[in-house]
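Undergrad: Residue numbering for the sequence shown follows the working numbering, starting at 1 and increasing by one per position. Glycine included, each C-beta is placed from N, C-alpha and C at the ideal position. What you are looking at is a predicted structure, and each value in this text was computed from that prediction instead of being measured. The following block contains the structure, expressed as structure tokens.
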Amino acid sequence: MEIGFIGLGKMGSGLAKNLIRSGYKVMLYDINPEAVQAVMKLGGRSAASPIEIASNADLIFTSLPLPKHLLELLIENDKFFQAMKPGAVLIDVSTIDPDTARVIADEAEKYSVEFLACPLGKGPAQAEEGTEPIFAGGKEIVFNCHKEILEKIGRPVSYLGDVEQSTAFKLISNMVGMANLSVMSEGFQLAIQAGIDPSQFKELLHDTGANSAQLNLRGPLILQNDYTPMFSVDLAEKDVRLGVEMAETINYTAQFSKLALVHLQEAQNMDLGNKDAAAVYQTFQKKVESKS
């Protein structure tokens, strides 16, 4: 079986490497040739264009930054589906909204192509080591046929239902995580204002109901003033914004996520978009400094 992989950024490159390590023949494409060469150090071969992959591969993975990029590739500009083999399978691991996922699934069906939406749960480090949680949506029979391959690039692999459920879960997960990060950042700044040592504050929080994955992952970054990006402000803003918009389409107001979005957008306005999402803490620092 020939596998294609399009989009070899921080997430896609790790997943593609794990397919190669597992012994699969993988065709690779990215708009950045250096990204392709970096993966090819392990194996695989370069494709001249996405359409070369569409025409030859039986299973294709896509990992692209934004929903519009996926729509442009698959439907609007490159008309990727038209070039795919009938019966071939597309697995997208990008973070997209449920409406976009439905458009893609319906378009795939027109060309007798199967589609699974499989957003990811963690970051580039987990993609590289093969421990990336995968949240799959689509036809269950298609999922069951490809679960073994998905388990080569991530774990656990969970089936949530159709494409709307898997993509919604990913957005909601990031909404919860980023809202938690904003509250935690506010707490750090409030603790400092109250005269509590921030390092002690972090350690003591671990023994309370305020302990969280964000405290473990990004609490140290805040203490060290180190915002080297793992998951950038720009990406966090995109995901939370998509989640808020998704909530609005089903007549639900995601109030806490809206507040988190305000702080992420404020961080962008402070030119922190390419910093790690932990840099949202600086929006709380700024409020204190502006009053002093």
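Using only the alpha-carbon positions, how far apart do Asp78 and Glu52 sit?
TA: Taking the first residue of the sequence shown as 1, we reach residue 78 at position 78. Taking the first residue of the sequence shown as 1, we reach residue 52 at position 52. One C-alpha to the other measures close to 11 Å.
Undergrad: In angstroms, rounded to a whole number, what distance separates the CA positions of Ala267 and Ala236?
TA: For the purposes of this step, residue 267 is identified with residue 267 of the sequence shown, where counting begins at 1. For the purposes of this step, residue 236 is identified with residue 236 of the sequence shown, where counting begins at 1. Their Cα atoms are separated by approximately 11 Å.
Undergrad: Report yes or no: do the region 116 to 131 and the region 3 to 13 share at least 3 C-beta pairs separated by less than 8 Å?
TA: Yes, the region 116 to 131 is in contact with the region 3 to 13.
Undergrad: If you follow the alpha helix (DSSP H) that Asp30 is in, where does it begin and where does it stop?
TA: On the sequence shown, residue 30 is found 30 positions in, with the first residue counted as 1. Note, Asp30: premise wrong, no alpha helix (DSSP H); not H, not E.
Undergrad: Are the region 183 to 193 and the region 206 to 224 touching, with three or more C-beta to C-beta distances below 8 Å?
TA: The region 183 to 193 vs the region 206 to 224: in contact.
Undergrad: Let me know the beta strand (DSSP E) ranges lying completely inside the region 32 to 87, each 3 residues or longer, listed in chain order.
TA: Here the runs fully enclosed are 59 to 62.
Undergrad: Under 6 Å Cβ to Cβ from Tyr24, same chain only, skipping five residues before and after it: list those, please.
TA: The residue you call residue 24 lines up with position 24 of the sequence shown. Contacts found: Ile3.
Undergrad: Would you please state the rounded distance, in angstroms, between the beta carbons of Ala54 and Met27? I believe it to be under 8 Å.
TA: On the sequence shown, position 54 is the one that residue 54 refers to. On the sequence shown, position 27 is the one that residue 27 refers to. The Cβ separation is near 10 Å, so there is no contact.
Undergrad: Have a look at Cys65 and Val142 and give me their C-alpha separation to the nearest angstrom.
TA: One-based indexing of the sequence shown puts residue 65 at position 65. One-based indexing of the sequence shown puts residue 142 at position 142. Strictly speaking, residue 65 in this sequence is Pro, with Cys absent from that position. The alpha-carbon atoms of Pro65 and Val142 are separated by roughly 25 Å.
Undergrad: Quick test of your reading: Lys275 and Val233, contact by CB under 8 Å. State the CB separation rounded to the nearest angstrom.
TA: Position 275 of the sequence shown, counted from the first residue, corresponds to residue 275. Position 233 of the sequence shown, counted from the first residue, corresponds to residue 233. 6 Å between Cβ atoms; contact.
Undergrad: Can you tell me the Cα-Cα spacing of Asp197 and Gly209, whole angstroms?
TA: The sequence position of residue 197 within the sequence shown is 197, counting from 1. The sequence position of residue 209 within the sequence shown is 209, counting from 1. The straight-line gap from Cα to Cα measures roughly 19 Å.
Undergrad: Near Leu15, what residues of its chain come up, given a Cβ to Cβ distance below 6 Å and the 5 sequence neighbours on each side ignored?
TA: The count along the sequence shown starts at 1 and reaches residue 15 at position 15. Cβ within range, chain order: Ala127, Ile153.
Undergrad: State the start and end residues of the unbroken alpha helix (DSSP H) segment that holds Asp271.
TA: Sequence index remark: in the sequence shown, residue 271 carries index 271 (1-based). Segment: none, Asp271 is in no alpha helix (DSSP H) and carries neither H nor E.
Undergrad: Please list the segments of the beta strand (DSSP E) lying wholly inside the region 120 to 188, counting only runs of 3 or more residues, in order along the chain.
TA: Runs of the beta strand (DSSP E) inside the region 120 to 188: 134 to 137, 157 to 161.
Undergrad: Comparing alpha-carbon positions, which option in Arg21, Cys145, Lys258, Glu245 lies nearest Gly130?
TA: Position 130 of the sequence shown, counted from the first residue, corresponds to residue 130. When only C-alpha atoms are compared, the closest one is Arg21.
Undergrad: Leaving out the 5 sequence neighbours to the left and right, which residues in its chain are closer than 6 Å to Gly273 when beta-carbon positions are compared?
TA: Stepping through the sequence shown from its first residue, residue 273 is reached at position 273. So the qualifying residues of the chain are Val233, Asp234.
Undergrad: Is Leu190 buried or exposed, if buried means 16 or more other CB atoms sit within 10 Å of its CB?
TA: Start at 1 with the first residue of the sequence shown, and residue 190 comes out as number 190. Exposed, by the Cβ-count rule.
Undergrad: Applying the criterion that 16 or more other CB atoms from any shown protein chain within 10 Å of the CB defines a buried residue, is Lys17 buried or exposed?
TA: On the sequence shown, position 17 is the one that residue 17 refers to. Flag for Lys17 reads buried.
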